[in-house]
Structures are given as structure tokens and as C-alpha cells.
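Working notes, structure below.
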Amino acid sequence: MNTVATTLRWLNESRTPRGEGVTFGVPWPRGAVGRAEPYTLTGPDGSALPTQSWVTATWPDGSVKWSAHAVPPHGEPAVPPHGEHAGPPQGEPAGTYRQPAGTYRLEPGRTPPAPRVPVTVTREDGALRVSTGVVTWTIEESGATLARSVTRGSREIVRDVRLVSLHQDGPTPDDGGTLTRTEATGQVTRVTVEQDGPVRAVVRLEGHHARADGQEGRASLPFTVRLYFYAGAEDVRLVHTFVWDGDPQRDFLAGLALRADVVMRDEPHDRHVRLAGPDGFLTEAVRGLTGLRRDPGEAVRRAQVEGRPCGPIGNPEVAGRLHLIPTWTDYTLDQGSADGFTLRKRTGEGHAWVTIPAGTRSAGYGYVGGVSGGLGFGLRDFWRLHPTRLDVRGAATDLATATVWLWSPSAPAMDLRFWHDGMGQDTFAEQLEGLEITYEDHEPGFGDAHGVARTHELTLRVHQATPPAEALAAHAAALNDPALLTAPPARIRAAGVFGDWAPPDRSTPARAAIEDRLDFLFDLYVREREQRRWYGFWDYGDVMHTYDADRHTWRYDVGGYAWDNSELSPDLWLWYQFLRTGRADVFRFAEAMTRHTGEVDVHHLGRWKGLGSRHNVQHWGCSCKQLRISNAAYRRFHYYLTADERTGDLLDELSEPEATFLAVDPQRKVREDVYTPDPSALSVGLGTDWGALAAAWLTRWERHGDERARDRLLGTMAGIGALPRGFLTGEARLDLATGRFDTSRDAVMVSHLSSVFGLPEMCSELIALDLGVPGFERAWLDYCRLYLAPAAEQEAEVGQALRGISLVQAHSRLTAYAAARTGDPAQAARAWRKFYLDEDDQLNRNELQREPHWRLTRVTGPRVPAALDEAPFVSTNDAAQYGLAAIQNLALIGDHLPGRPPE
0 MNTVATTLRW LNESRTPRGE GVTFGVPWPR GAVGRAEPYT LTGPDGSALP
50 TQSWVTATWP DGSVKWSAHA VPPHGEPAVP PHGEHAGPPQ GEPAGTYRQP
100 AGTYRLEPGR TPPAPRVPVT VTREDGALRV STGVVTWTIE ESGATLARSV
150 TRGSREIVRD VRLVSLHQDG PTPDDGGTLT RTEATGQVTR VTVEQDGPVR
200 AVVRLEGHHA RADGQEGRAS LPFTVRLYFY AGAEDVRLVH TFVWDGDPQR
250 DFLAGLALRA DVVMRDEPHD RHVRLAGPDG FLTEAVRGLT GLRRDPGEAV
300 RRAQVEGRPC GPIGNPEVAG RLHLIPTWTD YTLDQGSADG FTLRKRTGEG
350 HAWVTIPAGT RSAGYGYVGG VSGGLGFGLR DFWRLHPTRL DVRGAATDLA
400 TATVWLWSPS APAMDLRFWH DGMGQDTFAE QLEGLEITYE DHEPGFGDAH
450 GVARTHELTL RVHQATPPAE ALAAHAAALN DPALLTAPPA RIRAAGVFGD
500 WAPPDRSTPA RAAIEDRLDF LFDLYVRERE QRRWYGFWDY GDVMHTYDAD
550 RHTWRYDVGG YAWDNSELSP DLWLWYQFLR TGRADVFRFA EAMTRHTGEV
600 DVHHLGRWKG LGSRHNVQHW GCSCKQLRIS NAAYRRFHYY LTADERTGDL
650 LDELSEPEAT FLAVDPQRKV REDVYTPDPS ALSVGLGTDW GALAAAWLTR
700 WERHGDERAR DRLLGTMAGI GALPRGFLTG EARLDLATGR FDTSRDAVMV
750 SHLSSVFGLP EMCSELIALD LGVPGFERAW LDYCRLYLAP AAEQEAEVGQ
800 ALRGISLVQA HSRLTAYAAA RTGDPAQAAR AWRKFYLDED DQLNRNELQR
850 EPHWRLTRVT GPRVPAALDE APFVSTNDAA QYGLAAIQNL ALIGDHLPGR
900 PPE
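Right under this line is the structure:
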């Protein structure tokens, strides 16, 4: 096969890697690269780098669609840690390396060089030993630790890396009161080596929490932890996911943490603690030699502050009184909110804490150890995921403990009870009345958090000496903004992935105006996340649904208007905006949303496994449990661009998505016919339902070559093509056993929601694949042509005017698609008119179309708690669909864009 090299660049070129390995994904044009091809990454200086590669998706012809690649730390050392080797990084015990800036080149068909010292995975004495050439982790196949021991060279630095949790017997009362907390530990039950080198090794550990006292009783909290090792690296990345499986009425999680013991060998004045603030680090010694009444000497003081050995203390007035200087053994940094953390330390248990000056937003990184070695530890997005905490305990003893709390035990216990008492909504009729007033789709028993999940990214970095402040700052920055190589937008577009989009083009005033509005909307949500504090353990990554202009706030407390939960596809909007711009800030926003919506808004076990929850005050609160929210279409971008295994897990959870329709009927409250989910005749909507099914099947097929998924995808596509009214039928019955639709239904039923949860994007991709499915493209083009057509045209073709037409601007991209496929300029003109004007909408108003001047309004006190900037005409439904319509219309019919908006 022909091979085509591609250029790559760092996602954030101002913040390149600092001694970490990097994994990234790259798309390839159909037929360009064979599955067995090797790859080599070449750096800006022309040197070939060790490259480990694997295929993450294939085209229908078997050629590579997406590949993933891992490279080890490389470059020149920026800040060599005290006493550490500063030579070549590949396999050498180096500290913090500055990655070369500039352009990289990935070339298929060329065999890469081997790393100087590869990462290895071996089994010895019933345990795994994973060595990067710098550090070696010993991982037992089961038990209470994630790693029994971590050594650097021949010296053990860390012991017993483990998970711990605290469980409370009731909610934290407002007035204190007596509560019982029980400690539990993570019990590993399964260890899987997913990759074993030579550049990258991945070890997956699965288990659950059990009471530390050995008694029977609740604990559970199923977890998955992946450990990532790179050749020549001293750090190991941990990705931790837990699933909430408790009873919200009696289970209250009071703490969840990663903990490790650190061997302390040095004199107390040669032991160090570092805790990150917003800009730098609290710099402490266990036994401080600064600020004393008697001076140990400038050289001693400077060495201690810099983390170097103090050496002999020449002043006998100090040396003879060391035993009289307190040793500070315990430290805590507590991030209770997005706006502040507290610091404290003490000389030992049973003695009072001493307050240390506090700060705002900690970078979430710490270090404990001494001049002969120690441990760096941290949590990505630490302050954004509050309440969080970093603890150091026993620093003055032979074995210190470092703890990264994902849920701080200082905070009130996690309370996942439903937020109201139901207000008498015991029947479907009453629940529909509630929907009319607060837009909440309530049903008793459905607002249950059972099965929701959360994923955190952490790092443990084993040092052979206390690193200098500059190195620690670099490590914290690397944790919070991990490096990623990406292909330029034009290169991704040329690969033909993800449908209809194109890089920004400001060549005309009309095009520039649309680009300005796309930027306005994204910048607005970045600003709103900050000024509304859309942060927190369960909330970070999501956005709100609708604005309340009277209160100058989003409707955080009004039923179905609160958290958005992927309603009308903001995930897609953000990912397409990244693809076309390559902007790092857009990527990070989309990444955080994917982490949230794929975990928190979806049930991963229990009766609704595989389904997501519609928008609500609580992310899991709505009784509408649907595949449109757990939609694979929203996760594919992150998986393919990063090769993130956890996102791959989310896609694998949808291996048989059609089975979820047995759990609950999405239309049960509004259905006029008599229906009970039947495996031989499952009711499947041809919009939100089938679009999500198609995304799951296509992803399964291209990732795993799953013939069952392929068969169901192509079979249902053929079924839609065979229906007399195609997509206009609205609904069809699916036989689970055969994966085929009953094609006898002859009806017309459209919904304004059918095409706003990824259906147009999936249909475009499927048609572009040219899968040879008769009737499917015609069925989709008919729907695209007719949805916004004049009533007379609709009547002429289907015998009636379509009812329920709404979200006109959103659907303009369907008309644009029809115009592009047929070459019809009249359709293109209609698409642009519908994009600009709020007309012929039978159900809703579009405030974005009605607002001529998009600008922010300043609101100051005393009407609001703090001054803010608002855009009350923006809702997330309209913003997401504006973004998708603008992006796709420009790509499809940009040449037909009028010089000025129609009137």
C-alpha cells in the first residue's frame, strides 16, 4: 500500500512534556496505510524516536483509519534533580526533560529504533514486576495493594500503594452530632497486562472496597485502575475509576483516596515536604534549621530550603541542640472549594494543628522524602474536582504516608439522595404535568445514582533525591496539562474522518461573522464555567442547560433546566470546533465534558446499565434513561485522538446497545398505543435511538472488527431504506435476535429531537463510507429535503404537511447536506435562510436568531452576589446546535453563503 507521512505538533506548544512519555492518535485516509505497517516518529531535529504503535480503528477495506502511538521521554534535561544523571533520556535515570518544540513527523512503513532501555513486564514469585529502566514496580496479582513495592535502582522508596475509603452511617448533620465512620481498603481481584512494551506498558487492576476491620458488610465501590509506564520515565500515571453502587438512603461516602508509604532514611533536617499552591510550593523541612535563634550558617540554611543535604552543622550551638527543635510529622492541604485551600501541620497525633497561611487554588501536587529519595504525588484538576485533600503523615518516622484524597474527609459526606420528595407525582399523568411547569421528567425510584461513575487522573513520581522547586513546578504543570501530539486540522480533514467540517475561513465578511459568533459562544462557556463555578467532584465538565434572566443566573434549581447532560449535543459542538481549529483550550473543555458526561451522566451497572440520564438538577435525577445520552458518538473523538483506554471502556460498554431497550421504554409516558418491550419487536425511534445505536455499532466494528455489530448496522440501514417513508416513519420495530427492522410500517411521524443527538453526523459518515446499502442514502436525503420544506412540497411528497417542526436553525444543516449531495442551489439558499432567521418554528423560539447583537451585559451588585457578565439570550440547546449548524453549513455550502443575512 501507499504510505503517507504526517506532520504533528504539540497541542499546547507553550507547554511541552517534562520527562513524561506521550501517547497520541492519528487518522489516515482510506486505503493509505496497511494494518501491519510499522511507524516511526521523527523529532524536530530529524532524529528517529522509539515508537510503539497499535491500530485503534480500521476502514471497511481493512486499512488503518486511526492509529495510536507512544513515545518515551526525550529531549534535553531542563532541570536535573539534585544528584541525578542529566544525560540522554531514553532509559536513563533522568529527571525533568524539556521536549523539543516544533514539528514532528510520523511515517508509516518505517521501522522505529528500539528504546535504549525498554519498559519490561515480568512475572516473578506470583507478582508482576514492571521496570521502566529507572523505577521498578512490584504488583501483586490480588490483595490490598495496587503495588507492593517501588524501587529506584536497588533502593526501595515506596511501599504499599493502595486505595482507601471512608464510609459514614448517615448524612453529615448541620449541627454536628455523633456519626460512625468505617474505613475500607481497595481489594484487587484481577490484574491484566494490556500492553507490555517496549515503549509503553499498561497494567489494569480491578477490584472493590472491603472493610478494613475484616467484618462483613457494605463497602464495595467497584474500581478500575490503570497504571501507565514508559521506558526511561520515573513517573507512573494512574487512571482511577470507581462506580457508585451504594444505597443513597444509607450509604454516605466520607472519603476516597490513593495512599502510599514512603521510606524515610534521612536525618529529620534532611527530610522535606512540598505542597503546591497556585504558583509555587510550600517548602518545608521536617526539622527546620531556618529562623532559629542560633544560626547554623547560610550554606546549611540554603541547602535545606533547596532540598539538598545540609551536611555537617558547623555551629555547635545548633548541632548540640537539634533534639530541641520540633519535628513536624503531619501536613494537610485541604481544597474545600474552587476558591480556597487551607494548610496546617502538627508535631504529632494528640497535639494541636498549627495553621499555615492559606491560598486559593492548589495545583494538587506534593512531595515527601529526603535527600536519599522520596515520592511526588498529585491529582489532575485538583481544585476543579473539590473537595480534595493532600496529606502527609509520619514524615518524622521511618515510614511516611502520602495520601491524595479524591473526596476530602474534611468535607460533609457525599450525599446522593434524591433532591425532592416527589411532590405527589405518582402517575404518568401527574409527571407530565410536572414536565409542563419545571421541565423535569420525574418518576419515583428513577432518580437513583446507583451505577454512576467518576474517573480521576493521578501521578506518582519516584525520586532518588528531593527535586528542586523548578522541577516540582514542571511536574505539577505536566500533571494538569498533559502533553499531546496532534495532527493539524487540515491533515485530519484530509483523512476523511468525522463527517462534514472544515478549518475556519475568514476570507469574506459573512464567513468572518460566523467565525466570530462561534468564538463568542465558546468563550462565553469558558467564562460562565469560571464565574458560575461549574466545578466539583460530580459537576466538573458539565454545563448548565438554560439561563434565568430574572435572577441573572442559570436555572440550577429548576427541574429539567439545570445540568445539561449532553442535551442537544454540546459534546459534538466542542469536538468539531476543536477539529477545525486545533485550539488547546477547546480540546481541554471538550475533554473535561467527555470525562464527565461519559461517567457521571451514565449508569454503568444496575437496571439502567448502558443508559444515560436526561438533564436535571442532579446528573442522575431524570427518569428519562436513554441511549442518546450514553451515546458513543460523543466519546469517539476523545478515544481516537488520545487512545485513552478508559474512554475505550465506555465504548465497550455499548457492545450490544440494542439490549438497553429492554430495560425501559423511552416513550412510555406519551405512548398512545399499548406496548411492552418485546425482544422480537422492540420500539426504536429512527432519530435519537437509531443514531445512538448506529454510533455504537460503527465504533464497535471499526475498533474491533466485530461482525455482529457490522451486521446490525448494515441490516438496520437497509431496513430504513426499505421502509416506505424511510426516516420519516419515525419509529420501527427491531427484532433483537436478527437485528432487523420490520419494514411494513407505513406512517409519517417526525420529531424535532430526532436530528440533534448525532444522527446527521452519523448518517454523513455512513454515507461517505459507501457501504452499498440500498435505499439508505435516499431515505436520509428525503428527510433532509423535506423537514424544512414548504408545507405544499411536504404534502406533495408524503400526503401531509409535517407537524412538530422545530429547531429550525439546527435543521438547516440537513437542508445543507441535501443541497451539497444533489448540487441544488435552491436548497442551499433555503438552508442559509433557515440558519439566519427564526421562522416557521412550530414549537420553540430561537433567541440566538432573534438577537441581532451578540454581546455581554455587565451586572453588578446588589442585584447579584458578585459582579458578572451575562448573555441572557444564550441557552445550551441553541448554542450547541448553532455551533454544529454553522460548522457543517460552512463546510457543505460555504460557497453559497450570502454576503449579508436574509431579511
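The sequence shown begins at 0 in numbering that gives the first Met the number 0 and counts up one residue at a time. Think of the CB as a built atom: it goes at the ideal place given N, C-alpha and C, for glycine as much as any other residue.
Return the first residue and the last residue of the beta strand (DSSP E) that residue i is part of.
i	result
K64	63-70
F636	Unbroken run through F636 is the alpha helix (DSSP H), 635-641; no beta strand (DSSP E).
Q334	329-336
T119	119-123
P356	353-358
Tell me whether residue i is buried or exposed, calling it buried when 16 or more other Cβ atoms sit within 10 Å of its Cβ.
i	result
P49	buried
S13	exposed
G94	Because G94 carries a pLDDT of 44, less than 50, the predicted location of this residue cannot be relied on, and no value is offered for it.
S754	buried
F427	exposed
L478	buried
E283	buried
E83	With a pLDDT of only 43 at E83, under 50, the local geometry of the prediction cannot be trusted, and no value is derived from it.
Q841	exposed
L661	exposed
A890	buried
P92	For P92, the predicted model reports a pLDDT of 36, less than 50, meaning its position is unreliable; a value from the coordinates is still stated below. P92 should be labelled buried.
Q793	buried
Could you pull the start and end residues of the alpha helix (DSSP H) that residue i belongs to?
i	result
H810	807-821
S682	That residue, S682, is in no alpha helix (DSSP H); its beta strand (DSSP E) goes 681-684.
W574	569-580
S763	758-768
F519	508-530
V304	297-305
H703	687-703
According to DSSP, residue i sits in a beta bridge with which residue or residues?
i	result
D734	R739
G369	R270, G372
L378	L457
W136	V129, V149
M543	W562
S164	A183, L255
T402	R258, D390
G24	A67
A209	T184
S52	H68
Nearest by alpha-carbon distance to residue i: which of the options is it?
i	options	result
T698	M761, S219, A401, P111	M761
A631	T596, F660, A879, H614	T596
V192	T119, L255, G245, G142	T119
V302	S743, L342, P467	According to the sequence as given, residue 302 is Ala; it is not Val. Out of S743, L342, P467, P467 has the C-alpha closest to the C-alpha of A302.
E205	A143, G245, G176	A143
L770	L178, W700, S46	W700
R286	G335, P247, G347, Y227	G347
P508	A795, P897, V63, G757	P897
L916	W696, W406, Q848, P871	With the chain covering only 0 through 902, there is no way to say anything about residue 916.
T150	G108, T131, E456	T131
Note to self: When you compare the segment 569-589 with the segment 613-627, are there three or more beta-carbon pairs, one atom per stretch, that lie closer than 8 Å?
What the structure shows: no
Margin query: Taking contact to mean 3 or more Cβ pairs, one atom from each stretch, closer than 8 Å, check whether the segment 401-408 and the segment 289-303 are in contact.
Written below: These segments do not touch.
Note to self: Assess contact between the segment 489-501 and the segment 511-530, defined as three or more Cβ pairs (one per stretch) separated by less than 8 Å. Is contact present?
What the structure shows: Here the segment 489-501 does not lie against the segment 511-530, with fewer than 3 beta-carbon pairs under 8 Å apart.
Next item on the list: Mind the definition here: the segment 404-421 touches the segment 284-294 only if three or more C-beta pairs lie below 8 Å; say whether that holds.
Entry: Contact between the segment 404-421 and the segment 284-294 is not established, with fewer than three Cβ pairs separated by less than 8 Å.
Check: Three or more C-beta pairs closer than 8 Å, one from the segment 320-337 and one from the segment 383-395: is that the case here?
Finding: yes
Notebook entry, point to check: So does the segment 51-63 actually touch the segment 267-282, counting three or more Cβ pairs closer than 8 Å?
Noted result: no
Checklist line | At least 3 beta-carbon pairs within less than 8 Å: the segment 822-838 vs the segment 519-534 | finding: no
Note to self: Across the segment 366-383 and the segment 445-463, are there enough close Cβ pairs to call them in contact, namely three or more that are closer than 8 Å?
What the structure shows: yes
Note to self: Between the segment 206-220 and the segment 180-195, can you find at least three pairs of beta-carbon atoms closer than 8 Å?
What the structure shows: Between the segment 180-195 and the segment 206-220 there are three or more inter-stretch CB-CB distances shorter than 8 Å, so the stretches are counted as touching.
Margin query: Between the segment 376-388 and the segment 466-486, can you find at least three pairs of beta-carbon atoms closer than 8 Å?
Written below: yes
Notebook entry, point to check: How do the segment 731-751 and the segment 698-718 stand: do at least 3 beta-carbon pairs fall below 8 Å, yes or no?
Noted result: yes
Next item on the list: Check whether the segment 817-825 touches the segment 780-800, taking contact to mean three or more Cβ pairs, one atom from each stretch, closer than 8 Å.
Entry: Segment contact: the segment 817-825 against the segment 780-800, three or more CB-CB distances shorter than 8 Å; contact assigned.
Notebook entry, point to check: Can at least three beta-carbon pairs, one atom from the segment 588-604 and one from the segment 531-545, be found at a separation below 8 Å?
Noted result: yes
Next item on the list: For the segment 669-689 and the segment 703-713, state whether three or more C-beta atom pairs, one from each stretch, are separated by less than 8 Å.
Entry: These segments do not touch.
Check: Would you call the segment 25-35 and the segment 152-161 touching, i.e. three or more CB-CB distances under 8 Å?
Finding: A contact between stretches requires three or more CB pairs, one per stretch, nearer than 8 Å, and the segment 25-35 fails this requirement with the segment 152-161.
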